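Input: a single structure, listed below in structure tokens.
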Amino acid sequence: MASTTQLPVPAPAQAREPQPRLRSRSSGRRRPNLLGGLGGWLWLAIIILPVYYVVITSLKNQAGFFTSNPMLPPTEPTLDNYQLVLQNDFARYFINSLVVTVGSVVPGLLVSFMAAYAIVRGKGRFLSWTNNLFLLGLAIPLHATIIPIYWMITRAHMYDTLLALILPSIAFSIPISVLILSNFLRDVPNELFESMRLDGCSDWAMMWRLALPMTKPAVVTVGIYNELHVWNGFLFPLILTQSPATRVLPLSLWTFQGEFSVNIPAVLASVVLATLPLLVIYVVARRQLLSGLTAGFSK
Amino acid sequence: MALTTSTSRRVRSRQLVGSGPSAWLAAPALAFFLLFAVIPLIGVVVLSFTSWDGLGEIRFDAVSSWARVLTDPVTGNALVVTAKIMFFSFIVQAPISLLLGVFTAAGQKYRAALAVLYFVPLLLSSAAVAIAFKALLDPNFGLGPGLGLPALAQDWLGNSDLVLFVVVFVIAWQFVPFHTLIYQGGVRQIPASFYEAAQIDGAGRIQQFVNITLPQLKYTVITSSTLMVVGSLAYFDLIFVLTAGGPGYATRLLPLHMYLTGFKANDMGAASALGVILVVIGLGLALLLQRLGGKNRNASQLEGA
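Protein chains in written order, with the working numbering: chain A, 545 to 843; chain B, 9 to 313.
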């Protein structure tokens with residue numbers, strides 16, 4: 545078990561080792577990198593300031609918003625804005641987003657993993673052709689194809705359904721998922737497959753019992769990455785859905801903005817509420833996500 | 009020629025022995041991709057030669073959509089806006105991401121903590137980012153009066169000279185974290201022995217950066233730049249919510265122009281022609297960037313594996 549969790553992430557592990565050596569040398573021999581540190585903190589300020597503004601403003605009442613200093617926290621924090629957002633069908637949009645996200649991330653991961661496994665372990669022109677097609681998909685702004693997708697969805701009588709969002713989202717997640725997953729699958733030592741084959745294991749069984757456990761961190765990383773994309777997706781919902789019954793969160797932010805227009809604190813409260821679920825996932829899985837993404841793209 | 013046939017025969021005989029999984033495993037992914045990416049890609053070319061209002065009948069219309077698109081000055085303007093946003097967001101994002109990637113790749117604890125916080129913008133949807141910045145940039149209730157700096161209390165989104173740079177800044181705010189991660193991963197793969205050798209030779213920090221880090225990051229730079237440039241052809245939602253393309257046509261870039269032409273002006277033929285232009289530009293830029301790298305993407309990946 546220990547080896548299965550360690551092996552798929554050789555890149556960060558191998559690379560982390562040299563850093564202490566490097567650091568001890570550089571700090572021992574010369575001044576610390578003041579300029580770099582300064583830049584790092586400056587970027588943090590740029591990142592955090594808008595987030596801070598959104599959070600404090602969402603806790604102000606409307607009068608407070610117009611009178612108080614915009615960058616100072618409210619003197620009397622209130623949750624009224626959150627209540628207002630929750631009363632405006634937030635729960636329904638939340639559930640829609642959840643259905644669309646789970647409904648596209650799970651099947652997307654499954655088909656991408658099977659394809660990546662076939663591409664890495666299999667042979668033949670068909671598979672390399674498939675792989676090249678997926679790589680090409682990374683280079684094409686796929687959103688340019690929304691008009692035919694809109695046509696297909698309306699012809700299939702799926703307009704204004706959640707399925708209309710799920711199906712193209714699965715397809716659009718495939719190229720990047722296959723790329724990252726196959727990068728990790730290449731690192732699983734061939735000897736392990738050979739020894740399982742000698743034990744009489746089929747390729748199908750090896751996929752589930754060897755390849756999947758060995759690349760679990762990558763699967764989780766890709767899963768979270770796709771989840772971010774689908775959860776935050778805006779273009780498909782805008783074009784393929786219409787009614788409040790099928791509205792997802794990013795679209796609801798946009799409509800809240802129209803409905804509440806002058807009530808900026810309430811609009812910003814909806815921003816906070818829509819982001820909160822992802823924040824929770826990030827806090828729980830940040831190590832996994834960051835190490836997986838840094839390793840996944842740099843191979 | 010002879011070589012390729014002999015290898016493919018070898019491959020086929022190996023498959024018969026049963027080494028390697030069936031290619032059918034790739035079929036579901038391929039089916040999804042063909043149905044919702046490849047067929048629409050063909051569809052967008054076909055539709056560009058038709059006229060369609062989005063509801064009624066689709067009629068073959070030869071090149072009239074193309075004629076409309078290519079003679080419309082708004083298209084030219086959209087191309088210029090797209091090129092500007094692409095160019096400026098590249099020259100802003102690439103150096104910042106590279107430097108932050110190098111910065112966070114080092115082992116210090118505080119840098120790892122900063123890296124965790126740097127990721128936060130990626131959690132927000134483009135709609136959320138746009139709404140947040142709209143409020144933040146308000147000249148009366150936003151950042152300017154908040155910090156007491158009148159210079160920051162501009163009509164950022166209403167001034168057509170400024171708005172493009174505001175958009176570039178917000179794009180950088182949202183996407184630099186992602187590219188920082190890519191560079192961070194790239195830097196971590198550089199063997200430490202290179203730096204040790206350089207230090208023995210007495211190379212300074214900047215010399216090491218220029219002579220080791222940069223050349224070693226060649227493929228990372230290509231990957232990141234490709235995603236950045238192709239990605240800038242997809243900046244739709246952020247700009248749609250932030251400025252809706254305005255003021256006037258100042259931020260109406262190609263994807264937004266496509267959406268507004270198709271779904272607001274109900275001219276799906278012209279919008280499809282704009283879609284084709286988008287695809288061609290994206291593909292051309294991606295191929296150009298790969299060519300600049302000297303090798304194709306596959307080869308570099310196999311090398312790293």
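Just so you know, even glycine gets a beta-carbon here, dropped at the ideal spot from N, CA and C.
Owing to the predicted nature of the structure, the values given are computational and were not obtained by experimental measurement.
C-alpha distance - residue i paired with residue j, whole-angstrom precision
i	j	result
residue 807 of chain A	residue 145 of chain B	16 Å
residue 171 of chain B	residue 591 of chain A	20 Å
residue 314 of chain B	residue 44 of chain B	With chain B represented from 9 up to 313, any question about residue 314 of chain B goes unanswered, as that position is not in the structure.
residue 276 of chain B	residue 710 of chain A	23 Å
residue 679 of chain A	residue 237 of chain B	16 Å
residue 194 of chain B	residue 240 of chain B	22 Å
residue 104 of chain B	residue 188 of chain B	8 Å
residue 655 of chain A	residue 785 of chain A	25 Å
residue 61 of chain B	residue 269 of chain B	10 Å
residue 122 of chain B	residue 580 of chain A	13 Å
residue 730 of chain A	residue 665 of chain A	8 Å
residue 190 of chain B	residue 814 of chain A	31 Å
residue 586 of chain A	residue 596 of chain A	15 Å
residue 55 of chain B	residue 707 of chain A	24 Å
residue 224 of chain B	residue 34 of chain B	33 Å
residue 690 of chain A	residue 48 of chain B	8 Å
Min CB distance residue i to chain B below 8 Å
i	result
residue 768 of chain A	no
residue 801 of chain A	yes
residue 752 of chain A	no
residue 567 of chain A	With a pLDDT of 43 at residue 567 of chain A, under the threshold of 50, the modelled position of this residue cannot be trusted, and the question is left open.
residue 722 of chain A	yes
residue 696 of chain A	yes
residue 747 of chain A	yes
Interface flag, residue i vs chain A, CB-CB below 8 Å
i	result
residue 128 of chain B	yes
residue 220 of chain B	no
residue 245 of chain B	yes
residue 139 of chain B	yes
residue 299 of chain B	no
residue 134 of chain B	yes
residue 108 of chain B	yes
residue 276 of chain B	yes
Under 7 Å from the C-beta of residue i: neighbouring residues of chain B
i	result
residue 656 of chain A	37
residue 595 of chain A	128
residue 687 of chain A	242, 244, 263
residue 598 of chain A	140
residue 693 of chain A	44, 48
Beta-carbon spacing of residue i, residue j below 8 Å
i	j	result
residue 724 of chain A	residue 682 of chain A	no
residue 245 of chain B	residue 778 of chain A	yes
residue 626 of chain A	residue 797 of chain A	no
residue 718 of chain A	residue 40 of chain B	yes
residue 614 of chain A	residue 150 of chain B	yes
residue 142 of chain B	residue 125 of chain B	no
residue 750 of chain A	residue 758 of chain A	no
residue 155 of chain B	residue 230 of chain B	no
residue 182 of chain B	residue 134 of chain B	yes
residue 52 of chain B	residue 284 of chain B	yes
residue 754 of chain A	residue 742 of chain A	no
residue 242 of chain B	residue 687 of chain A	yes
residue 600 of chain A	residue 617 of chain A	yes
Contacts of residue i in chain A (Cβ-Cβ under 8 Å)
i	result
residue 254 of chain B	Within 8 Å Cβ-Cβ: nothing; residue 254 of chain B doesn't reach chain A, min ~16 Å.
residue 383 of chain B	A question about residue 383 of chain B goes unanswered here, because the residues of chain B that appear run from 9 up to 313.
Under the three-state DSSP convention, the category residue i falls into
i	result
residue 30 of chain B	coil
residue 841 of chain A	helix
residue 728 of chain A	helix
residue 59 of chain B	strand
residue 68 of chain B	strand
residue 625 of chain A	helix
residue 568 of chain A	Interpretation of residue 568 of chain A is limited by its pLDDT of 42, a score under 50 that renders its predicted location unreliable; no figure is taken from the coordinates.
residue 94 of chain B	helix
residue 173 of chain B	helix
residue 792 of chain A	coil
residue 806 of chain A	coil
residue 695 of chain A	helix
residue 721 of chain A	helix
Residue i beta carbon near the ligand SAM (any heavy atom closer than 7 Å)
i	result
residue 217 of chain B	Ligands in the displayed structure: none, and consequently the ligand SAM is not present.
Interface residues of chain A facing residue i [CB-CB closer than 7 Å]
i	result
residue 286 of chain B	685, 688
residue 223 of chain B	Ordered by position in chain A, no residue passes the 7 Å Cβ test against residue 223 of chain B, which lies about 15 Å from the chain.
Contacts that residue i makes with chain A (C-beta to C-beta distance below 9 Å)
i	result
residue 238 of chain B	682, 683, 684, 685
Partner residues on chain B for residue i, Cβ-Cβ distance less than 8 Å
i	result
residue 661 of chain A	29, 33
residue 794 of chain A	133, 134, 135, 136, 245
Under 9 Å from the C-beta of residue i: neighbouring residues of chain B
i	result
residue 710 of chain A	Ordered by position in chain B, no residue passes the 9 Å Cβ test against residue 710 of chain A, which lies about 10 Å from the chain.
Compile a chain-ordered list of the residues in the stretch 806–820 of chain A whose CB is closer than 7 Å to at least one CB of chain E.
This model lacks chain E altogether; the protein chains it does include are A and B.
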